[in-house]
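Trainee:
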Amino acid sequence: MRRWLLPLLLWLAMPVAVALPMAPALAVQPDEMLADPALEARARAISKDLRCVVCQNQSIDDSDAPLARDLRIVVREQLTQGSSDTETMDYIVQRYGHFVLLKPPVEPATWALWLGPFAVLGFGGMGLWLWSRGRHPADVVPLTPEEAVAIASFTDSPTP
Amino acid sequence: MKRLIFILPVFAFVALIAVFGVGLTKDPKELPSQLIDRPLPQFALPGIEAVPGGGPGFASASLKGEPLLLNVFASWCAACPQEHPVLTRIGEEGFPVYGIAWKDKPVDSRAWIERFGDPYKAIAADENGRTAIDLGVTGVPETFIVDRNGRVRFKQIGPISPETWKGKIKPLMLKLRAEA
């Protein structure tokens, strides 16, 4: 038991070890933050789901781009004015499009994206099934009398 | 038939490579504008003059009556000097060009205009960048083509090259002029 305990622990600790040095410096500046911790938490959560249009693989919560900062401030303004989370998201989406949503919504334009993997899995499974259905053990063909005699001649002969 | 099934994954792979290959030729920075065929968002901005408040700029309501170009620029923008002669030429050809100085101090915008010349009919200062967010601006320069009813018809991301002007935007402007 002890033999696999250490590798297991190491394996479990791996994501932490990998993630720790990569933890990014906080892009959100103190002067942007809202005094109300609940509102600020909502703002952070929303910002994490909005793509920065300057550095496109970062969320506006991660990005140091000036435009990302402006958008974080807009998000906080919307929340302070009493907008709901979805209303705040919509405000940004209206201006920059669905591209800014890091998690694309399920809609006709994104069906291929959401359902594609399952379709591939389905087709693959179907192919596998069709392929395996065509394979069955070969029928046992009985020996012809000549073959039987030939084999008997080998097996009955005394070993040298 | 049986062989076909085994070759199918190869075809699928080639098709996938083709799709990704085409995807590589596209610029992810060129976000489709949300404003196409929609009216300009409402704004009223001050100018960049050396008077308190910046002097008169312009408002979205005034950008009506004839097709025009609305150019977003900044003194700190590296590609803007490259685009500048094209804007000057567009102005000389008789098409109105309006400028929005994005996230730029009016004093810097003024110095920039003095250095390169003023191709604009009017310049407005969007110092805090809020109008640009309403316009869906992602960087400078960007240019909106606005028809006589104040609706956005086209958005150019990045500088307008002489070729883009001659081949794409000028024909569009002439078409918009011909529209009733």
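Residue numbers (this note's numbering), protein chains in the order written: chain A, 755 to 914; chain B, -14 to 165. Heads up, the beta-carbon is just placed ideally off N, CA and C, and yes, glycines get one too.
(1) Cβ of V807 of chain A less than 7 Å from any chain B Cβ?
(2) Less than 7 Å between CB atoms is the rule here; does G851 of chain A satisfy it with respect to chain B?
(3) Name, going along the chain, the residues of the segment 0 to 18 of chain B whose beta-carbon falls closer than 7 Å to a beta-carbon of chain A.
(4) Could you pull out every unbroken beta strand (DSSP E) segment of at least 3 residues lying fully inside the segment 47 to 119 of chain B, listed in chain order?
(5) Could you tell me the alpha carbon to alpha carbon distance between Q835 of chain A and L793 of chain A, rounded to whole angstroms?
(6) Since K160 of chain B is in the alpha helix (DSSP H), which residue starts that stretch and which ends it?
(7) Taking all protein chains shown into account, do 16 or more other C-beta atoms lie within 10 angstroms of the C-beta of K174 of chain B, making it buried, or fewer, making it exposed?
(8) To the nearest angstrom, how far is it from the Cα of S60 of chain B to the Cα of Q67 of chain B?
(9) When you compare the CB of T123 of chain B with every CB in chain A, is at least one pair closer than 7 Å?
(10) Just tell me which of B:E127, B:A0, B:D111 and B:K106 has its CA closest to the CA of S47 of chain B.
(11) So, using beta-carbon positions, are E36 of chain B and N56 of chain B closer together than 7 Å?
(12) When you compare only the Cα positions, how much space is there between R133 of chain B and V(-1) of chain B?
(13) For R138 of chain B, report the span of its alpha helix (DSSP H) as first-last.
(14) Taking the alpha-carbon of L825 of chain A as reference, which of A:A866, A:I846 and A:H890 has the nearest alpha-carbon?
(15) Output the residue ranges of the alpha helix (DSSP H) runs that lie fully inside the segment 779 to 826 of chain A and measure 4 residues or longer, sorted by chain position.
(16) Which residues does DSSP pair with F28 of chain B in a beta bridge?
(17) Does DSSP classify V828 of chain A as helix, strand or coil?
Mentor: With the structure as the only source:
(1) By this cut-off, V807 of chain A is an interface position.
(2) Interface residue (Cβ-Cβ distance to chain B less than 7 Å): G851 of chain A is classified as such.
(3) So the list reads P13, L16 and P17, given in the order they occur along the chain.
(4) Entirely contained in the segment 47 to 119 of chain B, the beta strand (DSSP E) runs reaching 3 residues are, in chain order, 53 to 58, 82 to 87 and 107 to 111.
(5) Between Q835 of chain A and L793 of chain A, the C-alpha separation is close to 11 Å.
(6) Here the alpha helix (DSSP H) through K160 of chain B covers K155 to A163.
(7) Because residue 174 of chain B is not part of the residues shown, which for chain B are -14 to 165, the question remains open.
(8) Those two C-alpha atoms are separated by around 12 Å.
(9) Closer than 7 Å: yes.
(10) S47 of chain B has its Cα closest to that of B:K106, out of B:E127, B:A0, B:D111 and B:K106.
(11) Residue identity differs from the one stated: residue 36 of chain B is Val in this sequence, not Glu. It is not a contact, given that the beta carbons lie outside the stated cut-off.
(12) If you take the alpha carbons of R133 of chain B and V(-1) of chain B, they lie about 48 Å apart.
(13) Run containing R138 of chain B: none in the alpha helix (DSSP H); it sits in the beta strand (DSSP E), V137 to I142.
(14) L825 of chain A has its Cα closest to that of A:I846, out of A:A866, A:I846 and A:H890.
(15) Qualifying alpha helix (DSSP H) stretches, in chain order: 791 to 802.
(16) Beta-bridge pairing links F28 of chain B to no other residue.
(17) Here DSSP, grouped into helix, strand and coil, assigns V828 of chain A to helix.
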